[in-house]
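Asker:
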Amino acid sequence: MRQLTKEEEQILDELENPNLSQEEVEKKVKRLREINVEVTGGNTWLT
0 MRQLTKEEEQ
10 ILDELENPNL
20 SQEEVEKKVK
30 RLREINVEVT
40 GGNTWLT
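Numbering (numbering that gives the first Met the number 0), first residue to last: 0 to 46.
Right under this line is the structure:
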């Protein structure tokens, strides 16, 4: 398992806000997926 980046931690904190619109949530989740591919090179990590 890998450590989360600062950006990932920030996005996860922002996602806890119940007032986010569905569109904002989708953008943040999409960015988390992009970071995962960038950081891991697309490799699957065992947890």
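The beta carbon of each residue, even a glycine, is placed where N, CA and C say it ideally should be.
Note that this is a predicted model, so its numbers are computed, not measured.
#1: Check the C-beta distance from Lys27 over to Glu7 and give it rounded, since I have them as a contact under 8 Å.
#2: In chain order, what residues of the same chain lie with their CB nearer than 8 Å to the CB of Val38, ignoring the 5 residues before and after it?
#3: For Ile10 versus Arg30, is the C-beta spacing smaller than 8 Å?
Answerer: Quick answer:
#1: With a Cβ gap of about 10 Å, Lys27 and Glu7 do not count as contacting.
#2: Arg1, Thr4
#3: yes
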